[in-house]
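Going by the working numbering, the first residue of the sequence shown is number 512, and it counts up by one from there.
Heads up, the thing below is written out as structure tokens.
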Amino acid sequence: MIAQELEVSLHMAFVEARQQRHEFITVEHLLLALLDNP
Numbered sequence: 512m513i514a515q516e517l518e519v520s521l522h523m524a525f526v527e528a529r530q531q532r533h534e535f536i537t538v539e540h541l542l543l544a545l546l547d548n549p
């Protein structure tokens, strides 16, 4: 099982990618999610 914080960040990256209508989650999406997650 992964840490709750990591799970939240991955979900935020997925949401960011979908909002931009991207097919894949990239490092950039993950970085944006990590920066937005306090």
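We treat Cβ as the ideally placed atom computed from N, Cα and C, and that holds for glycine.
- Boundaries of the alpha helix (DSSP H) around residue 529: 515-530.
- Between residue 539 and residue 516, the alpha-carbon positions lie close to 18 Å from each other.
- Around the beta carbon of residue 514, a 10 Å sphere encloses fewer than 16 other beta carbons of the protein chains shown; the residue is thus reported as exposed.
- The criterion of a C-beta distance shorter than 8 Å is not satisfied by residue 546 and residue 524.
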